[in-house]
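*Asks:* So the protein sequences, as listed, match chains A and B.
Count along the first sequence from 1, then add 938; that gives the number in the working numbering.
Count along the second sequence from 1, then add 938; that gives the number in the working numbering.
Could you have a look at this structure, given as structure tokens, before my questions?
Protein chains: 2
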Amino acid sequence: MEKYLVTGFSGFVSFHFLSYLESLAIQVVVLGIDINEPDFDYHVFLHVKCHFNSIDLLNKSQIDHVIYDFQPSYILHLASYSSVAFSWKHPVTSFSNNTNIFLNLLEQVRSLNLNCRILSIGSSEEYGNVIESDMPLREEHVLKPVSPYAVARVSQEMLSKIYVDGYKLDIVLTRSFNHIGPGQKEIFVISSFARQLAEIKKYNKPAFIIAGDLSIIRDFLDVRDVVVAYYQLFKKGVSGEVYNICSGNGVSLAFIIKSMATYLGLEIVTHVNQDLIRPNDNKIIIGSNLKIKNATGWDLGYSLDKSLEDIINFWLKKI
Amino acid sequence: MEKYLVTGFSGFVSFHFLSYLESLAIQVVVLGIDINEPDFDYHVFLHVKCHFNSIDLLNKSQIDHVIYDFQPSYILHLASYSSVAFSWKHPVTSFSNNTNIFLNLLEQVRSLNLNCRILSIGSSEEYGNVIESDMPLREEHVLKPVSPYAVARVSQEMLSKIYVDGYKLDIVLTRSFNHIGPGQKEIFVISSFARQLAEIKKYNKPAFIIAGDLSIIRDFLDVRDVVVAYYQLFKKGVSGEVYNICSGNGVSLAFIIKSMATYLGLEIVTHVNQDLIRPNDNKIIIGSNLKIKNATGWDLGYSLDKSLEDIINFWLKKI
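Next comes the structure, spelled out in structure tokens:
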């Protein structure tokens, strides 16, 4: 039986990955590890047998024990200190912890000589400063990371290639673009807008939203498409290769707010708060997903409209 | 008075940097830090007032105290775990220690808001796999590091740019090519050949040398030219910019052995030991030094012949 070790188990991506495994109706075993308890019930799945271990990935001996005992066939490494803002406040913590937790995993797989595929999750942040004519970003585009978080991600990628070429580990890499979907925390911009709109609708609150620069364009895709991509890369990705996980389409934040408002039958006024504008933000980020499509046959299953509706409905139900 | 903090003080580059400062006949203060005691006498200088502190750069509180007390105007960061071979045996130690000692320095300079220029020493290893038509390597060439050590160096460079752009630190970066010169340890290939040749000459030993691939071509320059480049970059380098430190010329190891043998009046036979051939070694590495020349006026002061003679004479005297 296939055995998946999932780090960052308590997060939103992990939940959707488990749901996707469940939808395949094959028997698999998942060991989730995270420093925090998950707030979803992982015992509800019929086909996916889930266990959870609360451990700190910085604790190498804990990691070593878990991997030795579980002997995973796949490691989905979702855990990270993924906030760019946090990384500016705590650059060393962000850089060191992100690279150290990754190296802790790799070293134990190497020392046990495990036959195990690792999916190393990277970020579109790795591209750094880009200009409109660079779009859509392809994987061979030069990386110019502009935050401590992004530097950690590029380092993780470089280290992965060393472990693949030098130690023959089986590692597939991603650069994942902006995820959206039901269940995402509201520290993320789309989820935050959706919650505000749902509250305006449900409680007849004043129809305005305070935001930063709404003209910026990003490549959003549904987390439920992301996890299918991850599964496909486990099965068909090439070790040492990096794949963009993205929709290939760019939309502005203004367009997304308008779409969600229309769905709710609202007329929304947006107020720009200058303090929310990040001076060095790229105006536009769009990725190319040709490589993963060609390698695995993966494609988008969720339209942007469908994603936004599900997010809105998630909040309407939750608030 | 100018105050230099020199990490990796006990090494061969540091000694030559001190000698160069002395040659300028201006009063400067140097605080050297290293985990090992230097084996040279740093009290011999008249103009350069040297102090030494034995500390471990991984110990952040020690570093913090030293920088706080000394308040350097310049930091020459020579300390590193610089062996590629070691990095393959201990990838995590090599990566983490190299990046951590660097971050420990940067963080204290940042937290004290010191008016201090840092010279971050990188390596030609950062370029990684290159092909002959890429020569001479210019600074904008893509970096494809192929060892844990090289990844650490590229990470150090990326982190430097973050600290320059994000926190306004004053950091100038180098990619230094193969140093040679009197006093270099014999774990380095040219120094090792020179010692063997000096012994053959002095003790009439059999005139053969066992070596790896002697056809590989590298860009060697004299350490005494390297340290002038470092000084020039302290004075005229641009913060956030990276500069190759190299001769711009490529010579084969075979040519160097022949040159040194000719100087000693020896006919040498070389035996190739396959075990000494590293399979992934680049055949040829040559850098372009136009950028540092244009920025600082720096140029080579030592011919290859002069360097090799001085190295041979160093060993003839020492053995």
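Yeah, the Cβ is synthetic: ideal placement off N, Cα and C, and Gly gets one too.
Can you check the segment 975 to 1004 of chain A for any beta strand (DSSP E) of at least 3 residues that lies completely inside it and give the ranges in chain order?
*Replies:* Complete beta strand (DSSP E) runs here, min 3: 986 to 992.
*Asks:* Taking only beta-carbon atoms, is Ile1100 of chain B less than 8 Å away from chain A?
*Replies:* Taking the first residue of the second sequence as 1, we reach residue 1100 of chain B at position 162. For Ile1100 of chain B, the answer is yes, since a Cβ of chain A falls inside 8 Å of its Cβ.
*Asks:* Return yes when the Cβ of Gly1239 of chain A is within less than 8 Å of the Cβ of Arg1162 of chain A, no when it is not.
*Replies:* Here residue 1162 of chain A is taken as the residue at index 224 of the first sequence, counted from 1. Here residue 1239 of chain A is taken as the residue at index 301 of the first sequence, counted from 1. Cβ distance < 8 Å, so Arg1162 of chain A and Gly1239 of chain A count as in contact.
*Asks:* Quick one: residues in its chain with C-beta nearer than 6 Å to the C-beta of Asn1036 of chain A, no 5 flanking neighbours on either side, listed in chain order?
*Replies:* By one-based count along the first sequence, residue 1036 of chain A stands at place 98. Around Asn1036 of chain A: Ser1018, Tyr1019 and Ala1090.
*Asks:* When you compare only the Cα positions, how much space is there between Cys1054 of chain B and Tyr1105 of chain B?
*Replies:* Your numbering for residue 1054 of chain B matches position 116 in the second sequence. Your numbering for residue 1105 of chain B matches position 167 in the second sequence. Those two C-alpha atoms are separated by around 13 Å.
*Asks:* Please compile the residues from chain B whose C-beta is within a distance smaller than 9 Å of the C-beta of Ser1034 of chain A.
*Replies:* Position 96 of the first sequence holds residue 1034 of chain A. What Ser1034 of chain A touches in chain B: Ser1034, Thr1037, Asn1038 and Leu1041.
*Asks:* List the DSSP bridge partners of Asp972 of chain B.
*Replies:* Looking up residue 972 of chain B in the second sequence gives position 34. Asp972 of chain B is bridged to B:Ser992.
*Asks:* List the endpoints of the continuous alpha helix (DSSP H) containing Val1047 of chain A.
*Replies:* Position 109 of the first sequence holds residue 1047 of chain A. Start and end: Pro1029 to Leu1050.
*Asks:* Check whether the segment 1052 to 1071 of chain A touches the segment 1132 to 1143 of chain B, counting contact only when three or more Cβ pairs, one atom from each stretch, lie closer than 8 Å.
*Replies:* The segment 1052 to 1071 of chain A is not in contact with the segment 1132 to 1143 of chain B.
*Asks:* Just confirm the distance between the C-beta atoms of Gly1178 of chain B and Ile1109 of chain B, as a whole number of angstroms; I'd bet it's less than 8 Å.
*Replies:* Counting from one through the second sequence, the residue named residue 1178 of chain B turns up at place 240. Counting from one through the second sequence, the residue named residue 1109 of chain B turns up at place 171. Yes, Gly1178 of chain B and Ile1109 of chain B are in contact; Cβ-Cβ is about 7 Å, under 8 Å.
*Asks:* I'd like to know whether the C-beta of Gly1104 of chain A is nearer than 8 Å to at least one C-beta of chain B.
*Replies:* Along the first sequence, one-based indexing puts residue 1104 of chain A at 166. It does: the Cβ of Gly1104 of chain A has a partner Cβ on chain B nearer than 8 Å.
*Asks:* May I have the straight-line CA-CA distance separating Glu1077 of chain A from Val1210 of chain A, to the nearest angstrom?
*Replies:* Start at 1 with the first residue of the first sequence, and residue 1077 of chain A comes out as number 139. Start at 1 with the first residue of the first sequence, and residue 1210 of chain A comes out as number 272. Looking at the two C-alpha atoms, the distance is approximately 34 Å.
*Asks:* Going by other Cβ atoms of all chains shown within 10 Å of its Cβ, with 16 needed for buried, is Ala1199 of chain A buried or exposed?
*Replies:* Within the first sequence, the letter at position 261 stands for residue 1199 of chain A. Under this definition Ala1199 of chain A is a buried residue.
*Asks:* Quick check on Ala1145 of chain A: does DSSP put it in helix, strand or coil?
*Replies:* As a working note, residue 1145 of chain A is residue 207 in the first sequence. In the structure shown, Ala1145 of chain A sits in coil (DSSP, three-state: anything other than H, G, I, E or B).
*Asks:* Tell me whether His989 of chain A is buried or exposed, calling it buried when 16 or more other Cβ atoms sit within 10 Å of its Cβ.
*Replies:* As a working mapping, residue 989 of chain A is identified with position 51 in the first sequence. Exposed.
*Asks:* Would you mind telling me which residues of chain B sit closer than 9 Å to Lys1198 of chain A, beta carbon to beta carbon, in chain order?
*Replies:* Working through the first sequence from its first residue, we reach residue 1198 of chain A at position 260. Residue 1198 of chain A is actually Met in this sequence, not Lys. Result: empty, since nearest Cβ-Cβ is about 33 Å, beyond 9 Å.
*Asks:* Beta-carbon of Val1180 of chain A versus every beta-carbon of chain B: anything under 8 Å?
*Replies:* Counted from its first residue, the first sequence places residue 1180 of chain A at position 242. With 8 Å as the cut-off, Val1180 of chain A does not count as an interface residue toward chain B.
*Asks:* Of all the options A:Ser1129, A:Ile1195, A:Asn1116 and A:Cys1184, which has the alpha carbon lying nearest to the alpha carbon of Phe1146 of chain A?
*Replies:* Position 208 of the first sequence holds residue 1146 of chain A. The shortest C-alpha separation from Phe1146 of chain A is found at A:Ile1195.
*Asks:* Using a Cβ-Cβ cutoff of less than 8 Å, which residues in the same chain neighbour Glu1064 of chain B once the five nearest sequence positions on both sides are dropped?
*Replies:* Residue mapping note: residue 1064 of chain B aligns to position 126 of the second sequence, counting from 1. So the qualifying residues of the chain are Leu1081, Pro1083, Ala1088, Arg1091, Val1092, Glu1095 and Arg1113.
*Asks:* Against chain A, which members of the segment 1084 to 1096 of chain B pass a CB distance test of less than 9 Å?
*Replies:* The segment 1084 to 1096 of chain B vs chain A, Cβ under 9 Å: Val1084, Ser1085, Pro1086, Ala1088, Val1089, Ala1090, Val1092, Ser1093 and Met1096.
*Asks:* How far does the beta strand (DSSP E) with Glu940 of chain B in it extend, from its first residue to its last?
*Replies:* The residue labelled residue 940 of chain B in the question sits at position 2 within the second sequence. Start and end: Glu940 to Thr945.
*Asks:* Taking 8 Å as the CB-CB limit, is Val1080 of chain B close to chain A?
*Replies:* Locating residue 1080 of chain B in the second sequence gives position 142, counting from the first residue. It does: the Cβ of Val1080 of chain B has a partner Cβ on chain A nearer than 8 Å.
*Asks:* When you compare the CB of Trp1253 of chain A with every CB in chain B, is at least one pair closer than 8 Å?
*Replies:* Here residue 1253 of chain A refers to the residue found at position 315 when the first sequence is read from its first residue. For Trp1253 of chain A, the answer is no, since every Cβ of chain B falls outside 8 Å of its Cβ.
*Asks:* Ser1185 of chain B: buried (16+ other C-beta within 10 angstroms of its C-beta) or exposed?
*Replies:* Within the second sequence, the letter at position 247 stands for residue 1185 of chain B. Per the 10 Å Cβ criterion, buried.
*Asks:* Run down chain B in chain order and give the residues with a C-beta less than 7 Å from the C-beta of Trp1026 of chain A.
*Replies:* Position 88 of the first sequence, counting from 1, holds the residue named residue 1026 of chain A. Gly1104, listed in chain order.
*Asks:* Taking Ser961 of chain B as part of the alpha helix (DSSP H), name the residues at either end of that continuous run.
*Replies:* In the second sequence, the residue the question calls residue 961 of chain B occupies position 23. Here the alpha helix (DSSP H) through Ser961 of chain B covers Phe950 to Ser961.
*Asks:* Residues of chain A with CB under 7 Å from Glu1045 of chain B, in chain order?
*Replies:* Position 107 of the second sequence, counting from 1, holds the residue named residue 1045 of chain B. Per Cβ cutoff of 7 Å: Val1030.
*Asks:* Quick one, which of B:Lys1099, B:Met1073 and B:His981 has its alpha-carbon nearest Ser1085 of chain A's?
*Replies:* One-based indexing of the first sequence puts residue 1085 of chain A at position 147. It is B:Lys1099.
*Asks:* Assuming Gln1046 of chain A and Ile1005 of chain A form a contact by the criterion Cβ under 8 Å, report the distance between their Cβ atoms to the nearest whole angstrom.
*Replies:* For this step, residue 1046 of chain A is matched to residue 108 along the first sequence. For this step, residue 1005 of chain A is matched to residue 67 along the first sequence. Correct: roughly 5 Å between the Cβ atoms.
*Asks:* Between which two residues does the alpha helix (DSSP H) carrying Phe1158 of chain B extend?
*Replies:* Mapped onto the second sequence, residue 1158 of chain B falls at position 220. Segment Phe1158 to Asp1160 is the beta strand (DSSP E) holding Phe1158 of chain B; no alpha helix (DSSP H) there.
*Asks:* Cα separation between Gly1143 of chain B and Leu1204 of chain B?
*Replies:* Residue 1143 of chain B sits at position 205 when you count from the first residue of the second sequence. Residue 1204 of chain B sits at position 266 when you count from the first residue of the second sequence. Correcting the residue type first, residue 1143 of chain B is Lys in the shown sequence and not Gly. Straight-line Cα distance between these residues: approximately 11 Å.
*Asks:* Does the beta-carbon distance from Cys1039 of chain A to Leu943 of chain A come in below 8 Å?
*Replies:* The sequence position of residue 1039 of chain A within the first sequence is 101, counting from 1. The sequence position of residue 943 of chain A within the first sequence is 5, counting from 1. The residue asked about is misnamed: residue 1039 of chain A is Ile in this sequence, not Cys. Cβ distance not < 8 Å, so Ile1039 of chain A and Leu943 of chain A don't count as in contact.
*Asks:* Hey, could you find the ends of the alpha helix (DSSP H) Ser1245 of chain A is sitting in?
*Replies:* In the first sequence, residue 1245 of chain A corresponds to position 307, counting from 1. It spans Leu1242 to Lys1256 - the alpha helix (DSSP H) in which Ser1245 of chain A sits, taken as one unbroken run.
*Asks:* Sorted by chain position, which residues of the same chain lie with C-beta nearer than 6 Å to Phe1131 of chain A's C-beta, five sequence neighbours on each side aside?
*Replies:* Reading the first sequence from its first residue, position 193 is the one you call residue 1131 of chain A. Hits under 6 Å: Ile1195.
*Asks:* Going by other Cβ atoms of all chains shown within 10 Å of its Cβ, with 16 needed for buried, is Ile1155 of chain B buried or exposed?
*Replies:* Numbered from its first residue, the second sequence carries residue 1155 of chain B at position 217. Answer is buried; the Cβ neighbour count reaches 16.
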